[in-house]
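**Student:**
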Amino acid sequence: MKQFIGFFRKEFIHIIRDFRSLMILLLMPVIMMLIFGYAINMDIKNAGIAIMDMSGDDMTREISDKILSSGYFELNEVISDQSRVEELFKEGKVKEVLVFEQDFARKYNSEGVAKVQILADASDPNNANMLVNYTNGIIANYLIQKQFSEFLPLQVQSRFRYNENLESVYMFVPGLIALLAMLISTMMTSISITREKENGTMEAILVSPLKPWQIVLGKVAPYAFIALSNLIVILLMGTFVFGVPYRGNLFLLLAVCILFILMALSLGILISTISSNQLMAMIISMVGLLLPTILLSGYIFPIENMPDWLQYISHIFPARYFITALKAVMLKGLGFLYIWKEILIIFGMMMLFLGVSIKKFKIRLA
Amino acid sequence: MDKERIIIVKDLVKRFGDFTANDHLNFEVYKGEIFGFLGANGAGKTTAMKILCGLSKPTSGEANIAGLDIYKDTHNIRKIIGYMSQRFSLYEDLTVYENIRFFAGIYGIRGKEFKKKVQKLIEKLNIQNVAHTLVGAIPLGWKQKLAFSIAMFHEPPIVFLDEPTSGVDPHTRRQFWEMIYQAAEEGVTVFVTTHYMDEAEYCDRVSIMDHGKIAALDTPAKLRETAGAVNMNDVFLKLVRPQKAEL
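Going down the list, the sequences are from chains A and B.
Start counting the first sequence at 0; every next residue gets the next number (numbering that gives the first Met the number 0).
Start counting the second sequence at 0; every next residue gets the next number (numbering that gives the first Met the number 0).
Okay, structure coming up:
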């Protein structure tokens, strides 16, 4: 135990004297949480819109009002000339233009067909798609109300379970825990162990009476401690700043997080046994783990939308299972029985990484 | 000879794939002597030393340190040896004091015992004014002395020094050897590798390694005598590269 205090103290001195590591460890979780919580917002609010109303009757005005009062759009300009549409899009002020044909209400009443055109700026395809869908929905709603006046024969009600207000931050809490566990536990550990190898200090520790497991534990324990404190910061910020609910068993939630951190630490040890210098350890951690954790774990991009081959690849990244499990416990309040598969996979990966590390370590000694 | 043998090596072999780094080494080291391991780079000096320190496992053969078998008693061997590598093994971003504290800690020296010893060491090395300076900022010669003192901090009866003077100027090297002498006078067995031929003169006995084999082993005086050479450099050239020496 006393040996670990020595390691702890030494490792903390390393971190404190290295400005970059200090920043990564202390500020990263807070900054990332704030960025993901406030800045990254997938919903659309107040998108600029222009309306070209060539009819100017009650009906077109009613539809326009409904669209503008929906909260999704903000009127930027009323235009009368088709050529202005191109200009507006190019200026980037409006994302959508609505064009009502001439004699809209008259045609609707006499011919039964009236035309409205929706033009969207698809230089951002997702956004354009969402805006057009919103507009379509509002117009369709208007039509149903107009046809059946008071009484609606078909009533559609939708609810977004587990995240009623579609807050993006709910999704980012599990993702961020995974990302930071990877960053601190895997990257920092592998770099700090390879640094000792590079500087020859590892040899000095290896010739001491410390047993290999004590050395590994001594190196890993400080980072495990930091990862745990970051975990707590994220969880607390999640609930107190962003109101993320923790519906499941808090003990299970913590257990899953701790298991993931332990897995990330074993991965860090493994990387340090296969890389000969700090740069290599960093590149493996960054390119090989951090990026796929962000891109392929379902953290930002839904796995279901990926091509099959990429979906298969996503299976090898532990963060995928962690995020699935954590979402289930955190947002849906599910118990162990629903996530035992994910827990087993993460545990298996941890054992695999540890096993290979021990083997590599022995080969190096021989 | 009635000297006590503290290191006994028999038929020690170490192979890395097809390359034989140590080819049937046989030698003994006596208690309290300065035993030099001489040879060109890649002759297998460091490999042999690493095996004795337990940093590497031999392919075959036997070795015994203070009665402890290197296969079975690795853990106990580690308690009684000190080791200093050519890279000095210090943390540059830690202060002199913090380095001593960390390495003392892994040998279980802490509390009052540590405070007393560290005080003595700082006085002995005369480094009071840099005790709280980062190691990265002190001169190479001081680092070298510090590394040696740290290797000796837990008072091991045997110390292994792997090219401890490489890259250091002659004056500092001389000073460093004085520290080695002092340790030897206190009864410590010093096992030192070097590729500086002049340093071989400082050793009690020297073993000259060439291509994984021990080419000669004796006191510097006898080696000179048998080879008919004026200094160790000549001895080395005649033994290791006979063809070249004749030219």
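Where a beta carbon is used, it is the ideal one built from N, C-alpha and C, also for glycine.
Just so we're clear, the structure is a prediction, and the values are computed from it rather than from any experiment.
Quick check on the DSSP output: the beta strand (DSSP E) that includes B:Asp-161 runs from which residue to which?
**Tutor:** Taking the first residue of the second sequence as position 1, residue 161 of chain B is located at position 162. 157-161 is the span of the beta strand (DSSP E), which, as asked, contains B:Asp-161.
**Student:** Would you list the residues sitting across from B:Tyr-82 in a DSSP beta bridge?
**Tutor:** Within the second sequence, numbered from 1, the residue matching residue 82 of chain B stands at position 83. BP columns for B:Tyr-82 point to B:Phe-159.
**Student:** Taking 8 angstroms as the threshold (beta carbon to beta carbon), is A:Gln-2 in contact with chain B?
**Tutor:** Here the question's residue 2 of chain A lines up with position 3 in the first sequence. Output row for A:Gln-2: interface = yes.
**Student:** If the cut-off is 8 angstroms on Cβ atoms, which residues from the region 45-58 of chain B count as contacting chain A, listed in chain order?
**Tutor:** Listed by position, the residues of the region 45-58 of chain B near chain A (Cβ gap below 8 angstroms) are Cys-52, Gly-53, Leu-54, Ser-55, Lys-56.
**Student:** As a quick exercise: from A:Leu-290, A:Gly-247, A:Leu-269, pick the residue whose alpha carbon is nearest that of A:Leu-336.
**Tutor:** For the purposes of this step, residue 336 of chain A is identified with residue 337 of the first sequence, where counting begins at 1. Comparing Cα-Cα distances from A:Leu-336 to each of A:Leu-290, A:Gly-247, A:Leu-269, the minimum goes to A:Gly-247.
**Student:** In terms of residue numbering, what span does the beta strand (DSSP E) encompassing B:Asp-209 cover?
**Tutor:** One-based indexing of the second sequence puts residue 209 of chain B at position 210. Where B:Asp-209 is concerned, the enclosing beta strand (DSSP E) stretches over 204-209.
**Student:** If the criterion is Cβ atoms closer than 8 angstroms, does the pair A:Val-93 and A:Ala-49 meet it?
**Tutor:** As a working mapping, residue 93 of chain A is identified with position 94 in the first sequence. As a working mapping, residue 49 of chain A is identified with position 50 in the first sequence. Contact: yes.
**Student:** Tell me A:Val-77's beta-bridge partners as DSSP assigns them.
**Tutor:** To locate residue 77 of chain A, count along the first sequence from 1; it is residue 78. A:Ile-50, per the DSSP bridge assignment.
**Student:** Starting from A:Glu-100 and walking both ways along the beta strand (DSSP E), at which residues does that stretch end?
**Tutor:** Along the first sequence, read from residue 1 onward, the residue named residue 100 of chain A stands at position 101. That residue, A:Glu-100, is in no beta strand (DSSP E); it is neither H nor E in DSSP.
**Student:** Since B:Thr-46 contacts B:Ser-55 with CB under 8 angstroms, what's their CB separation in whole angstroms?
**Tutor:** What you label residue 46 of chain B is simply residue 47 of the second sequence in a count that begins at 1. What you label residue 55 of chain B is simply residue 56 of the second sequence in a count that begins at 1. Indeed they touch by this definition, with Cβ atoms about 7 angstroms apart.
**Student:** Just checking: is the beta-carbon of B:Tyr-90 within a distance shorter than 8 angstroms of some beta-carbon in chain A?
**Tutor:** Stepping through the second sequence from its first residue, residue 90 of chain B is reached at position 91. Closer than 8 angstroms to some Cβ of chain A, the Cβ of B:Tyr-90 qualifies, so yes.
**Student:** Between the C-alpha atoms of B:Ile-207 and B:Ile-64, what's the straight-line distance to the nearest angstrom?
**Tutor:** Counting from one through the second sequence, the residue named residue 207 of chain B turns up at place 208. Counting from one through the second sequence, the residue named residue 64 of chain B turns up at place 65. Spanning the two alpha carbons is a distance of roughly 21 angstroms.
**Student:** Exposed or buried, what is A:Leu-142 when buried is set at 16 or more other beta-carbons lying within 10 Å of its beta-carbon?
**Tutor:** Here residue 142 of chain A refers to the residue found at position 143 when the first sequence is read from its first residue. Exposed, since its Cβ has fewer than 16 Cβ neighbours within 10 Å.
**Student:** Would you say A:Val-215 reaches chain B, if we count a Cβ-Cβ gap shorter than 8 angstroms as a contact?
**Tutor:** On the first sequence, position 216 is the one that residue 215 of chain A refers to. Closer than 8 angstroms: no.
**Student:** Counting only runs of 4+ residues fully inside the region 134-222 of chain A, write out the alpha helix (DSSP H) ranges in chain order.
**Tutor:** As far as the region 134-222 of chain A is concerned, its whole alpha helix (DSSP H) runs of at least 4 residues are 167-179, 188-198, 200-205.
**Student:** Taking DSSP's pairing of strands, which residues face B:Val-215 in a bridge?
**Tutor:** Locating residue 215 of chain B in the second sequence gives position 216, counting from the first residue. Going by the sequence as given, residue 215 of chain B is Ala instead of Val. Beta-bridge pairing links B:Ala-215 to B:Ile-207.
**Student:** CA-CA distance, A:Asn-108 and A:Thr-59?
**Tutor:** Here residue 108 of chain A is taken as the residue at index 109 of the first sequence, counted from 1. Here residue 59 of chain A is taken as the residue at index 60 of the first sequence, counted from 1. If you take the alpha carbons of A:Asn-108 and A:Thr-59, they lie about 13 angstroms apart.
**Student:** I need the boundaries of the alpha helix (DSSP H) containing B:Lys-313, first residue and last residue.
**Tutor:** Outside the modelled stretch of chain B, which goes from 0 to 246, sits residue 313 of chain B, for which no answer is possible.
**Student:** Evaluate B:Ile-105 with the Cβ neighbour count: other Cβ atoms within 10 Å of its Cβ, from every protein chain shown; 16 or more gives buried, anything less gives exposed.
**Tutor:** In the second sequence, residue 105 of chain B corresponds to position 106, counting from 1. Flag for B:Ile-105 reads buried.
**Student:** Return the chain-ordered ranges of every beta strand (DSSP E) run that is complete within the region 46-78 of chain B and spans a minimum of 3 residues.
**Tutor:** Whole beta strand (DSSP E) segments, 3+ residues: 59-64.
**Student:** Evaluate B:Lys-71 with the Cβ neighbour count: other Cβ atoms within 10 Å of its Cβ, from every protein chain shown; 16 or more gives buried, anything less gives exposed.
**Tutor:** Counting from 1 along the second sequence, the entry for residue 71 of chain B is found at position 72. B:Lys-71 comes out exposed.
**Student:** Can you give me the start and stop residues for the alpha helix (DSSP H) that B:Glu-185 sits inside?
**Tutor:** Here residue 185 of chain B refers to the residue found at position 186 when the second sequence is read from its first residue. Where B:Glu-185 is concerned, there is no enclosing alpha helix (DSSP H), given that its DSSP letter is neither H nor E.
**Student:** Could you tell me whether the Cβ of A:His-13 comes closer than 8 angstroms to any Cβ of chain B?
**Tutor:** In the first sequence, the residue the question calls residue 13 of chain A occupies position 14. Cβ-Cβ to chain B under 8 angstroms: yes for A:His-13.
**Student:** Check each candidate in B:Val-12, B:Tyr-29, B:Ala-42, B:Met-48 and name the one with the smallest Cα separation from B:Asp-209.
**Tutor:** The residue labelled residue 209 of chain B in the question sits at position 210 within the second sequence. Cα-wise, what sits closest to B:Asp-209 is B:Ala-42.
**Student:** Exposed or buried, B:His-153, counting other C-beta atoms within 10 Å across all chains shown (16 or more means buried)?
**Tutor:** Taking the first residue of the second sequence as 1, we reach residue 153 of chain B at position 154. Looking at its Cβ environment, which holds 16 or more other Cβ atoms inside 10 Å, B:His-153 is buried.
**Student:** Do the CB positions of B:Thr-188 and B:Gly-31 come within less than 8 angstroms of each other?
**Tutor:** Position 189 of the second sequence holds residue 188 of chain B. Position 32 of the second sequence holds residue 31 of chain B. It is a contact, given that the beta carbons lie within the stated cut-off.
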